[in-house]
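Let me begin by presenting the structure, written as structure tokens, before commenting on it.
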Amino acid sequence: MRHFLKETDFTAAETAEVFVRAARMKSGRGTESPALARQSWGLLFFKKSTRTRVSFQVGVHELGGQPVMLNADDMQISRGETVADTARVLSRYLHGMVIRCHEHSLLEEFAASGSMPVVNALSDFLHPCQFLTDMFTLAERLAPGRPEAYLDSLRGRKVAFLGDTACNMANSFVLGGAALGLEVALAGPAGYEPGEQVRAQLKKDGLAPTFSFSVDPAAAVKGADMVYTDVWVSMGMEAEKAERLRTMQPYQVNQKLMSLAKPSAWFMHCLPAHPGEEVSADVLQGPRSIVFDQAENRLHVQKAVLAHLASSR
Ligand code: CP
Numbered sequence: 001m002r003h004f005l006k007e008t009d010f011t012a013a014e015t016a017e018v019f020v021r022a023a024r025m026k027s028g029r030g031t032e033s034p035a036l037a038r039q040s041w042g043l044l045f046f047k048k049s050t051r052t053r054v055s056f057q058v059g060v061h062e063l064g065g066q067p068v069m070l071n072a073d074d075m076q077i078s079r080g081e082t083v084a085d086t087a088r089v090l091s092r093y094l095h096g097m098v099i100r101c102h103e104h105s106l107l108e109e110f111a112a113s114g115s116m117p118v119v120n121a122l123s124d125f126l127h128p129c130q131f132l133t134d135m136f137t138l139a140e141r142l143a144p145g146r147p148e149a150y151l152d153s154l155r156g157r158k159v160a161f162l163g164d165t166a167c168n169m170a171n172s173f174v175l176g177g178a179a180l181g182l183e184v185a186l187a188g189p190a191g192y193e194p195g196e197q198v199r200a201q202l203k204k205d206g207l208a209p210t211f212s213f214s215v216d217p218a219a220a221v222k223g224a225d226m227v228y229t230d231v232w233v234s235m236g237m238e239a240e241k242a243e244r245l246r247t248m249q250p251y252q253v254n255q256k257l258m259s260l261a262k263p264s265a266w267f268m269h270c271l272p273a274h275p276g277e278e279v280s281a282d283v284l285q286g287p288r289s290i291v292f293d294q295a296e297n298r299l300h301v302q303k304a305v306l307a308h309l310a311s312s313r
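Residue numbers for the sequence shown, in this note's numbering: 1 to 313.
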């Protein structure tokens, strides 16, 4: 049984295959083969979502399957039914699960207890569907029209990640960046270094770290091929809002910082964005911003992930 809980669950060869499949699904939308025909996939959300929820729902439908939307608050799991029993029961009805949750361990327990593929639609630890999509989106610009070269086009590229460098998206860059051979320059306030969990995962996967951490945003952005940021106040961090807005101010991606990156550098953001906080409105809406390509590509890349998992059973 294959799952996609973290960036390193796919080998480099599989990632290259997913990129080619996603490009084919993007250009041939509406003519793709029904990889999930007669299947039902559960989409279980413990947290709010716009892009992930809709792109997976549409994606399962376009692959010939039935998406079953599940709100955790409406289920017995919110009244104490165990994760393991929920996984065992749902495995009797469904062919796969997409889950957005808080603790990453819930995904691992669900995958271990059930008998169907599980996809991480964001946990407090990682956001692998977003990372994979971001890499696909960047590669579209680096190797236009050559999906078979997408993976190679990323190797050795410098990406700068600014702001909340301890969040799940930053962790995904630390882990996925090491797997794909990216140079990942993180810049955020002291105390926001990548944590023990992601360092331990690198070790477990036998990957040498390819990230650096600095409190200097200019040093991180210098010579970057892509500049990335995420909201400063992630879901669940609302109590720290005032402190975060104050300490992360120097890490706002604006025209001045973008001018230090390569002239060809792109700006990326997983969205939702807070213009005026982590990114200035002119960068977010400017010609170097490819944030809406990222959002669109969630659909195509996730369809490729689902088709890949379905064919790997
Ligand atoms: N980027 C992302 O995961 O968006 P949603 O929270 O809207 O799903």
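Cβ atoms here follow ideal geometry from the backbone N, Cα and C, with glycine treated the same way.
ask   = Under 7 Å, do S172 and L126 count as touching if we go by C-beta distance?
value = yes
ask   = In whole angstroms, what separates the C-alpha of S289 from that of E62?
value = 28 Å
message = Let me check you understand the geometry: is the CB of S33 closer than 6 Å to at least one non-hydrogen atom of ligand 1?
response = no
message = Going by beta-carbon coordinates alone, are V227 and T210 separated by less than 7 Å?
response = no
ask   = Exposed or buried, F131, counting other C-beta atoms within 10 Å across all chains shown (16 or more means buried)?
value = buried
inquiry  = With a threshold of 8 Å on Cβ separation, who are the neighbours of Q254 within its own chain once the five nearest residues in sequence on each side are excluded?
reply    = At residue 254 the sequence reads Asn, which differs from the Gln that was named. Within the same chain, N254 has close Cβ partners V279, S280, D282, V283.
inquiry  = Under 7 Å, CB to any heavy atom of ligand 1. Which residues pass, going along the chain?
reply    = K48, S49, T50, R51, T52, R53, L122, H127, Q130, C270, L271, P272
key: Rounded distance between the beta-carbons of A218 and L180, thought under 8 Å   = That belief does not hold up - the Cβ atoms of L180 and A218 are roughly 25 Å apart, past 8 Å.
message = Beta-carbon within less than 7 Å of L106's beta-carbon, same chain only, minus the 5 sequence neighbours each way: which residues are those?
response = V83
request  = Label G236 either buried or exposed according to how many other C-beta atoms from any shown protein chain fall within 10 Å of its C-beta, with 16 as the threshold for buried.
outcome  = exposed
query = Which partner residues does F211 have in the DSSP bridge list?
reply = V184
key: Reduced DSSP category for N168 - H, G, I as helix; E, B as strand; rest coil   = helix
query = Near S91, which residues of its chain fall below 6 Å by C-beta distance, leaving aside the five closest residues on each side in sequence?
reply = G114, S115, M116
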